Every structure is written in C-alpha cells, then in structure tokens.
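**Student:** Structure below; questions to follow.
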Amino acid sequence: GVWFIKFYAPWCVHCKRLAPVWEKLAKELKGTPVRVGKVDADSDSELAERFAIQHYPTLKI
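Under the working numbering, the sequence shown has 143 at position 10, and the numbering climbs by one with no breaks.
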C-alpha cells in the first residue's frame with residue numbers, strides 16, 4: 134500500500150493547526166489502500182534526517 138506521512142514537531146503552530154485535518158483524513162481513508170501516519174520529527178530525528186525533513190509540517194507519500 135501507499136503511505137501518506139506527516140512529519141511534525143510538537144511545538145510547531147502550523148502542525149497544531151493541521152492536526153485535526155490530518156486525523157479526519159486518516160479516518161476518511163481507513164479501509165483504502167492509502168495509509169495515513171505521522172512522525173514526531175523531534176522524537177525520531179534519525180527518521181526525519183533519513184527523509185531530509187527540514188521544515189514542519191512536511192508531507193510525504
């Protein structure tokens with residue numbers, strides 16, 4: 134399947150604004166081939182570095 138991932142930081146204002154929309158999207162896509170996930174880039178800096186995350190939020194497919 135396909136993953137749609139949001140990289141975010143807990144302190145990021147834009148990330149906080151996107152959060153309810155992201156949760157709604159995840160519910161709407163449940164049961165489809167598209168999976169929705171999120172990564173706290175502050176907590177998982179290794180993964181954020183692997184995907185070259187420089188700004189928040191960053192959305193990747």
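Note that beta-carbon positions come from the ideal geometry of N, C-alpha and C, so glycine has one too.
The model shown is predicted, which means the values in this text are computed figures rather than measured ones.
Skipping 5 residues on each side, what residues in its chain have a beta carbon closer than 6 Å to that of G134?
**Tutor:** P166 and R168
**Student:** Does the Cβ of K139 have 16 or more other Cβ atoms within 10 Å, making it buried, or fewer, making it exposed?
**Tutor:** buried
**Student:** Could you spell out the range, first to last residue, of the beta strand (DSSP E) harbouring W136?
**Tutor:** V135 to Y141
**Student:** Suppose the cutoff is 7 Å on Cβ atoms and the five residues either side in sequence are ignored; what does the same chain contact list for L158 look like?
**Tutor:** Taken in chain order, the residues that qualify are V169.
**Student:** Hey, how far is the Cα of K163 from the Cα of L180?
**Tutor:** 24 Å
**Student:** Residues in its own chain within less than 6 Å of I194 by CB, not counting five upstream and five downstream?
**Tutor:** F137
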